[in-house]
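Note sheet for the following structure.
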Amino acid sequence: MTRDEILVMKPGRELDTLVMRIVFKAEKKDVGDECYWLSEFDGEEVCWPRWFSPSTDIAAAFEVWEHDHPDTWELHLSKIGKKYLARIFERRFNDVPSHKELAQVESESAVEAMVKCRLLALMGEDETHD
Numbered sequence: 035m036t037r038d039e040i041l042v043m044k045p046g047r048e049l050d051t052l053v054m055r056i057v058f059k060a061e062k063k064d065v066g067d068e069c070y071w072l073s074e075f076d077g078e079e080v081c082w083p084r085w086f087s088p089s090t091d092i093a094a095a096f097e098v099w100e101h102d103h104p105d106t107w108e109l110h111l112s113k114i115g116k117k118y119l120a121r122i123f124e125r126r127f128n129d130v131p132s133h134k135e136l137a138q139v140e141s142e143s144a145v146e147a148m149v150k151c152r153l154l155a156l157m158g159e160d161e162t163h164d
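Counting from 35, one number per residue, gives the positions in the sequence shown under the working numbering.
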């Protein structure tokens with residue numbers, strides 16, 4: 035998928051599936067309601083339930099942010115008028131400390147902005163994913 039295709043996606047199952055595959059590197063196993071998505075993290079299997087919806091649930095969206103991101107990444111979330119703006123920066127420590135913006139998403143929903151921003155930061159601006 036391209037950046038533009040992700041930005042026009044609506045919150046829901048299709049966006050959740052993309053998040054699970056790209057961020058969590060999970061596969062749909064459907065071995066019951068409590069273990070619908072399965073991934074491996076630090077050598078252990080991790081399950082997410084069928085109802086886990088990172089594109090519509092703020093707690094799940096924070097799990098997307100917190101999952102295995104580099105220590106140099108920062109998430110900035112702000113509300114401007116009626117829109118939310120999520121931005122992910124990478125801190126750089128060369129001769130002069132600086133920040134590079136990796137992704138930026140504006141949405142009427144903080145959840146949607148956060149999740150899409152994390153996807154785009156992982157993908158990079160020029161990459162596409164199936």
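Just so it is clear, CB atoms sit at the ideal spot from N, CA and C, and this is done for glycine as well. Nothing here was measured: the structure is a model prediction, and the numbers come from that model.
Are at least three pairs of beta-carbons, each pair with one atom in the region 115–126 and one in the region 144–158, less than 8 angstroms apart? Result yes; three or more Cβ-Cβ pairs closer than 8 angstroms.
Cutting at 7 angstroms between CB atoms, please list the residues of its own chain near Gly158, excluding the five before and the five after it. none
Quick one: Cα of Val65 to Cα of Gly115, how far? 43 angstroms
If distances are taken between C-alpha atoms only, which option among Leu49, Glu78 and Trp82 comes closest to Lys62? That would be Trp82, whose Cα lies nearest to the Cα of Lys62.
Quick one: any contact between the region 129–136 and the region 82–96, if contact means 3 or more CB pairs under 8 angstroms? no
So which of Glu142, Thr106 and Glu68 has the shortest CA-CA distance to Lys44? Glu142
Which of helix, strand or coil does DSSP assign to Glu74? strand
Using only CA atoms, which one of Arg47, Asp76, Arg37 and Pro88 lies nearest to Asp102? Asp76
Just verifying my parser: in three-state terms, what is the DSSP assignment at Ala137? Annotated three-state conformation of Ala137 is strand, per DSSP.
Whole-angstrom distance between Pro131 and Arg152, CA atom to CA atom: 23 angstroms
Within its chain, find whatever has a CB closer than 6 angstroms to the CB of Ser112; leave out the 5 residues flanking it on each side and keep chain order. Leu119, listed in sequence order.
Considering only the beta carbon of each residue, do Ile56 and Lys150 sit closer than 8 angstroms? Cβ distance not < 8 angstroms, so Ile56 and Lys150 don't count as in contact.
Would you tell me roughly how many angstroms separate the C-alpha atoms of Asp50 and Ser87, rounded to the nearest one? If you draw a straight line from the Cα of Asp50 to the Cα of Ser87, it comes to about 6 angstroms.
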